[in-house]
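Peer 1:
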Amino acid sequence: MCREYRALYSRCGHELRVHEYCTRASRARGSATRHPCEPFRIVPGIVPIGLDCGQPDCGSRRQVVRPPPAGGPPARNHRVVVVGGGSAGLAISHQLLRSGRFAQDDIAIVDPAEWHHYQPGWTLVGGGLKDKEQLRRPLASLVDPKLKLYSEPVSSFSPDDNSVLLGNGSTLTYDQLVVVPGIKVDLNSIKGLPEAVSNPDSNVSCIYTYETVDKTFKTIQRLRGGQAIFTQPAGVIKCAGAPQKIMWLALDHWKRAGLYQPQQGGSSSSPIQIAFATGLPVMFGVPKYSAALEALRQARGVEGLFSHDLVEVDGETAVFAGPDGPVRRRFDLLHVVPKMGAHAFVKQSPLANEAGFVDVDDATLRHKRYANVWSAGDASSLPTSKTAAAITAQAPVLVRNLLRALEGGAEPHPGYDGYTSCPLLTEYGKVMLAEFKYGGVPQETFARFGWDQATPRRAFYHLKKDFFPWVYYKSMVKGTWGGPKGWIN
3 MCREYRALYS RCGHELRVHE YCTRASRARG SATRHPCEPF RIVPGIVPIG
53 LDCGQPDCGS RRQVVRPPPA GGPPARNHRV VVVGGGSAGL AISHQLLRSG
103 RFAQDDIAIV DPAEWHHYQP GWTLVGGGLK DKEQLRRPLA SLVDPKLKLY
153 SEPVSSFSPD DNSVLLGNGS TLTYDQLVVV PGIKVDLNSI KGLPEAVSNP
203 DSNVSCIYTY ETVDKTFKTI QRLRGGQAIF TQPAGVIKCA GAPQKIMWLA
253 LDHWKRAGLY QPQQGGSSSS PIQIAFATGL PVMFGVPKYS AALEALRQAR
303 GVEGLFSHDL VEVDGETAVF AGPDGPVRRR FDLLHVVPKM GAHAFVKQSP
353 LANEAGFVDV DDATLRHKRY ANVWSAGDAS SLPTSKTAAA ITAQAPVLVR
403 NLLRALEGGA EPHPGYDGYT SCPLLTEYGK VMLAEFKYGG VPQETFARFG
453 WDQATPRRAF YHLKKDFFPW VYYKSMVKGT WGGPKGWIN
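Residue numbers for the sequence shown follow the numbering used here, beginning at 3 and rising by one.
#1: With a threshold of 16 other CB atoms inside 10 Å of the CB of ALA301, please say whether the residue is buried or exposed.
#2: Please return the same chain residues whose Cβ sits closer than 7 Å to the Cβ of GLU437, not counting the five positions on each side in sequence.
#3: Nearest to GLN246 by alpha carbon, out of ASP203, GLU305, ASN201 and VAL182?
#4: State buried or exposed for GLN97, treating a residue as buried only when at least 16 other CB atoms are found within 10 Å of its CB.
#5: When the Cα atoms are used, what is the spatial distance from SER309 to GLY327?
#6: Pull up the CB-CB distance for THR428 and TRP256, whole angstroms please, since I reckon it's below 8 Å.
#7: Just checking my contact of THR394 with TRP472 at CB under 8 Å: how many whole Å lie between their CB atoms?
#8: Taking DSSP's pairing of strands, which residues face GLU429 in a bridge?
#9: Could you pull the start and end residues of the beta strand (DSSP E) that GLU213 belongs to?
#10: From what residue to what residue does the alpha helix (DSSP H) around ILE248 run?
#11: Report all residues from its chain with a CB closer than 8 Å to the CB of HIS415; omit the five preceding and five following residues, and keep chain order.
#12: For PHE359, which residues in the same chain have their Cβ closer than 7 Å to its Cβ, ignoring the five residues on either side in sequence?
#13: Helix, strand or coil for VAL45 per DSSP?
#14: Let me confirm a value: ASN491 is counted as buried when at least 16 other C-beta atoms fall within 10 Å, else exposed. Which label applies?
#15: Is HIS96 helix, strand or coil when you go by DSSP?
#16: Got a sec? Which residues, its chain only, sit under 6 Å from THR319 by beta carbon, not counting five neighbours each side?
#17: Output yes or no for whether 8 Å exceeds the beta carbon distance between PRO273 and LYS341.
#18: Need the endpoints of the alpha helix (DSSP H) that TRP472 sits in, please.
#19: Measuring straight from C-alpha to C-alpha, what distance separates LEU137 and THR280?
#20: Okay, do the stretch 82-92 and the stretch 167-184 touch, 3+ Cβ pairs below 8 Å being the bar?
#21: Between the Cα of ILE231 and those of GLU213, GLU116, ASN205 and LYS217, spot the shortest distance and give me the residue it belongs to.
#22: Helix, strand or coil for ARG64 per DSSP?
#23: Between HIS464, ALA391 and TYR418, which has its C-alpha nearest GLN121's C-alpha?
#24: Using CA atoms only, rank isn't needed, just tell me which of GLY102, ALA294, PRO76 and GLY324 is closest to GLY171.
#25: Start and end of the beta strand (DSSP E) containing GLY306?
#26: Could you please give the first and the last residue of the uninterrupted beta strand (DSSP E) stretch that includes HIS119?
#27: Taking all protein chains shown into account, decide if SER89 is buried (16 or more other Cβ within 10 angstroms of its Cβ) or exposed.
#28: Three-state secondary structure (DSSP) at SER157?
#29: Specify whether the stretch 182-197 and the stretch 281-299 touch according to this definition: at least 3 beta carbon pairs, one from each stretch, less than 8 Å apart.
#30: Got a sec, what are the start and stop residues for the beta strand (DSSP E) TRP124 sits in?
#31: Tell me the DSSP secondary structure of GLN300 in three-state form.
#32: Whole angstroms is fine: what's the gap from ALA142's alpha carbon to LEU261's?
#33: Assuming ILE192 and THR218 are in contact, meaning their beta carbons sit under 8 Å apart, how far apart are those beta carbons, in whole angstroms?
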């Protein structure tokens, strides 16, 4: 190493001396550019390997971007790497960019998807209110030109080396990492489901995938009588209200067609019978809204099969793991919500907790073990309902804390309170707008107007059907929509 040094104070508070050129370059762009004498890129405020501060009691974690293995593709460095181009990835990337603190290609997005989907709209597709094609956009068209998009899958994370290995064998290095790839919908989690849902002649459907969502309304339209069963699994899923949203729309469709007569205590006189089979012991995870939905279920004569978790589709028979053992129920229509979970590259990484989700602090969204790793949305361990609305509250907190870290390692601010929202369609023309935070505590935006959001309203329906899809592509993916806070800079 050459002898031209300057003092730099590490995060641990001990003095570190590094080359003036290297420090200046890394501060200016966080780039991989380095003086020929310097074997590692300096990350300001962090003690790099090979440049120990010299204090024997220093417990600061050393971070370094290592050169790529000999003969391998060269590593590409970015100040921030965002894994995932979904709702969270796009909102966070663009909010970072809008801070004005990043140059061309300082921020990278990694996602192999060709299309970006507005998934909250798939309930509307299942109910015949939208076409699935109108709810998607080419992912590349949503990414600002100042961001670098890698259309590759992630193979693995090496957080001790600040690197991400891509599917094509190339390596990305980073100063800060944001892991937001969403979660996987696992059709194979239920025996016989992949075959049944892909069979165009079967009355088995699912609104949770692009390939199967439009089959749902077709099955609803052609059912003229018999048993309809709608399922919800135990465990974590995207938008825990969607399994019953599609049920309420189907019920209303059949009611308008004269095929279902809602009746307290049962609907035996109707050509169609409806059952809601859920792996949960209640209708919804928040007591206030669960009570309202339970009253609705009883008033409309829907059979409740609680703690019934679908495990197999056997022809026209649904097999459940019930509270007292296996339960078999014949059906004429079956809408299935499969189990969901973390992607393998997250679940098998050092970043995951025991459940496979990125292990972050509930309030700051920073990783519990790696101080320059962050997560939000479905892939995170945050104990709240996994919705796009939750991301509108999570993204600004993550962005503020990440910027604080880049500017000098300040402790992150605990700004996220668990806010999330689920607009529950209860019929064509009405929505129950559930909004709550950690602990299932209601946090209702329209309470200031004296509205009880457990009461379905037409105004909420137009938010769900018309406004939210519009504002999503108009503002949220661009980083300018803050949910209940409205438009943000």
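By construction, the Cβ of each residue, glycine as well, lies at the ideal position given by its N, Cα and C atoms.
Peer 2: So, to answer that:
#1: exposed
#2: SER423, PRO444, GLN445, GLU446, THR447 and GLN455
#3: GLU305
#4: buried
#5: 11 Å
#6: No, THR428 and TRP256 are not in contact; Cβ-Cβ is about 15 Å, not under 8 Å.
#7: That pair is no contact at about 15 Å.
#8: LYS432
#9: Unbroken run through GLU213: none, as it is neither H nor E.
#10: 244-258
#11: THR366, VAL399, ARG402, ASN403 and ARG406
#12: ALA344, ALA381, SER382 and SER383
#13: Residue placement at VAL45 is flagged as unreliable, the pLDDT there being 40, under the threshold of 50; the coordinate-derived value follows with that caveat. Three-state result, VAL45: coil.
#14: exposed
#15: helix
#16: ARG330 and ARG332
#17: no
#18: 470-476
#19: 28 Å
#20: yes
#21: ASN205
#22: Because ARG64 carries a pLDDT of 29, less than 50, the predicted location of this residue cannot be relied on, and the following value inherits that uncertainty. Coil.
#23: ALA391
#24: PRO76
#25: 305-308
#26: 117-119
#27: buried
#28: strand
#29: no
#30: From DSSP, TRP124 is part of no beta strand (DSSP E) but of the alpha helix (DSSP H) over 124-128.
#31: helix
#32: 45 Å
#33: Their Cβ separation, rounded to whole angstroms, is 16 Å, which puts ILE192 and THR218 out of contact at 8 Å.
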